[in-house]
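Trainee:
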Amino acid sequence: MKSVLRILISSLLIAFLLEISLRTIRPEALDFYWIQKQYHSYDPDYLVDLEPNVNVRLKHFNEIFDIQFSTNEFGFRGTGKIDNSLPQIGCIGDSVTMGFGVSDRDTFCSKINGYTDSRGQIYQSVNLGVDAYGPTAIARKMEKKLDQLNLKVLYYFPSNGDDIDEYAFWDKMDHPTKLKIFKFQFLASKYSYLILALKVLQEQLIFRFMETFVYPVSDALVQKSCIDGLKPEDECRYTSYSSILFSFMKDFQRSAPSPKDSPPIFPKSECTSEDPPHPIPDYVYNSTKEIVRIAEKRGIRIVFFLAPIDIETAYCSQRGMNHRLYNYSRTLKKFLIKENIEFIDLNEHTMKMKDSEGRLNPRPYYILGDGHYTALGNEWVYQILKEKTGEILK
């Protein structure tokens, strides 16, 4: 019994010392995740929300971005103190709407703040977006927050992964044990640097295992098909065993970095003229209808914005073709037409994505290695948003 007690006390002491050490050292990579945890809060109705009155600097550990992130008294990102004496324009959605990777002033919702209509009426913008929100979380947040606001127009940005977010949401809500585990993990990693470090370590170990053992085998099978002439050349890095050896030798040479914002290059097979339906579950459609019902019940005009959240989608769209990552939004679009729900398809506006040299080039509009929009990408959305606002608020 004494030995067990001794081990327990020693373990607690080690954990305490590690916690203090990590909080003192604050490794840059871990700090990136720690800061994000601090401005998120647990919500029993829709699982995740933003803390009120936040004002932090968030720097990516690979220096991909360095941004300012703030919330107001309601926990709305990049939104000033709520003034219900002014009519308001709202934005709601997931991390794209929230503005992951850009500063407050660069989010498209912040940019519409202060919009003045033809009668001289000024509007306040309100950003209700939060990471990983599916349709049910959106609907529940609307029920909880809209009566505290003076919204006249609401722009809703569905995500290509809404069906996945919706499944994950109900998987927790329908299983009390899973919900308790999620809540414990969420709060524990929010208040303990050590537990957050262990969580990130676990995720990285899984990623490294896949990268070291699974992906190379999968890639080797693909390249064998290439060498055997079973795949198109533009999908192949190697077409002979000698080219594999040559590539291996080149790995020991320092290659010149690609020019900044150079146009992306994808194989021909990346884009397709086909329009296959995405299997969207009925409960996603029902939640979508509920979002519209909640807005219309309060006399708020709601407009859906379907957005190409991946550079591949924009790349294919600029060539008059489709990409599989946009299948969800294309299928949802047909539903919106059938239900007579107002929407804008931003994928029809990708020809406006040009770089500083005037080339059709979606690269500067997306965060590197990420589907979120850069400041320029948010500006692109804002210009279309402003045009639609002008039509609504004549």
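Going letter by letter, the sequence shown gives residues 311 to 704 in the working numbering.
The beta-carbon is built from N, C-alpha and C at its ideal position, and this holds for glycine as well.
Restricting to Cα atoms, I'd like to know which of P362, K704, H350 and T446 is closest to D592.
Mentor: For the purposes of this step, residue 592 is taken as residue 282 along the sequence shown, with counting starting at 1. Answer by Cα proximity: T446.
Trainee: Indicate the three-state DSSP secondary structure (helix, strand or coil) for L703 in the structure shown.
Mentor: The sequence position of residue 703 within the sequence shown is 393, counting from 1. Reduced to three states, the DSSP call for L703 is coil.
Trainee: For Y466, report the span of its alpha helix (DSSP H) as first-last.
Mentor: Walking along the sequence shown from the start, residue 466 turns up at place 156. Where Y466 is concerned, there is no enclosing alpha helix (DSSP H), although the beta strand (DSSP E) it sits in stretches over L461 to F467.
Trainee: Consult DSSP for K391 and reduce its assignment to one of helix, strand or coil.
Mentor: Start at 1 with the first residue of the sequence shown, and residue 391 comes out as number 81. In the structure shown, K391 sits in coil (DSSP, three-state: anything other than H, G, I, E or B).
Trainee: Are the Cβ atoms of L438 and G400 separated by less than 7 Å?
Mentor: Within the sequence shown, residue 438 is the residue found at index 128, counting from 1. Within the sequence shown, residue 400 is the residue found at index 90, counting from 1. In contact: L438 and G400 (Cβ atoms closer than 7 Å).
Trainee: Going by other Cβ atoms of all chains shown within 10 Å of its Cβ, with 16 needed for buried, is K560 buried or exposed?
Mentor: One-based indexing of the sequence shown puts residue 560 at position 250. Because the pLDDT at K560 is just 47, under 50, the model does not fix this residue reliably, and the point stays unresolved.
Trainee: Let me know if M661 comes out buried or exposed under the rule of 16 or more other beta-carbons within 10 Å of its beta-carbon.
Mentor: The count along the sequence shown starts at 1 and reaches residue 661 at position 351. Exposed: under 16 other Cβ atoms inside 10 Å.
Trainee: Taking 7 Å as the cut-off, decide whether the C-beta atoms of G411 and F375 are in contact.
Mentor: Position 101 of the sequence shown, counted from the start, is the residue given in the question as residue 411. Position 65 of the sequence shown, counted from the start, is the residue given in the question as residue 375. For G411 and F375, yes; Cβs fall inside 7 Å.
Trainee: Considering only the beta carbon of each residue, do V463 and R669 sit closer than 7 Å?
Mentor: Mapped onto the sequence shown, residue 463 falls at position 153. Mapped onto the sequence shown, residue 669 falls at position 359. No.
Trainee: Could you give the DSSP three-state label for T582: helix, strand or coil?
Mentor: Sequence index remark: in the sequence shown, residue 582 carries index 272 (1-based). It is a strand residue.
Trainee: Kindly indicate which three-state DSSP category W690 falls into: helix, strand or coil?
Mentor: The residue given as residue 690 occupies position 380 in the sequence shown. The answer is helix: DSSP assigns W690 an H, G or I state.
Trainee: Give the range of the alpha helix (DSSP H) segment to which Q495 is assigned.
Mentor: What you label residue 495 is simply residue 185 of the sequence shown in a count that begins at 1. Segment P486 to Y501, the alpha helix (DSSP H) holding Q495.
Trainee: Helix, strand or coil for Q378? Go by DSSP, reduced to three states.
Mentor: In the sequence shown, residue 378 corresponds to position 68, counting from 1. Strand, per DSSP.
Trainee: Should A339 go down as buried or exposed, given a rule of 16 or more other Cβ atoms within 10 Å for buried?
Mentor: As a first step, residue 339 is located in the sequence shown; it is residue number 29 there, counting from the start. With fewer than 16 Cβ atoms within 10 Å of its Cβ, A339 is classed as exposed.
Trainee: Taking its Cβ as the centre, do 16 or more other Cβ atoms sit within 10 Å of T522, making it buried, or is it exposed?
Mentor: By 1-based counting over the sequence shown, the position of residue 522 is 212. Per the 10 Å Cβ criterion, exposed.
Trainee: Per DSSP, T426 is paired with what?
Mentor: By one-based count along the sequence shown, residue 426 stands at place 116. DSSP, once it has assigned bridges, lists I432 as partnering T426.
Trainee: Is the CB-CB distance between S583 and M631 below 7 Å?
Mentor: As a position in the sequence shown, residue 583 is number 273, starting the count at 1. As a position in the sequence shown, residue 631 is number 321, starting the count at 1. Result yes, Cβ atoms of S583 and M631 sit closer than 7 Å.
Trainee: How is Q458 classed by DSSP in three states: helix, strand or coil?
Mentor: Against the sequence shown, residue 458 aligns to sequence position 148. Looking at Q458 - three-state DSSP - the assignment turns out to be helix.
Trainee: Contact check, I654 vs V602 under 8 Å by CB: the rounded distance?
Mentor: For the purposes of this step, residue 654 is taken as residue 344 along the sequence shown, with counting starting at 1. For the purposes of this step, residue 602 is taken as residue 292 along the sequence shown, with counting starting at 1. About 15 Å; that fails the 8 Å criterion.
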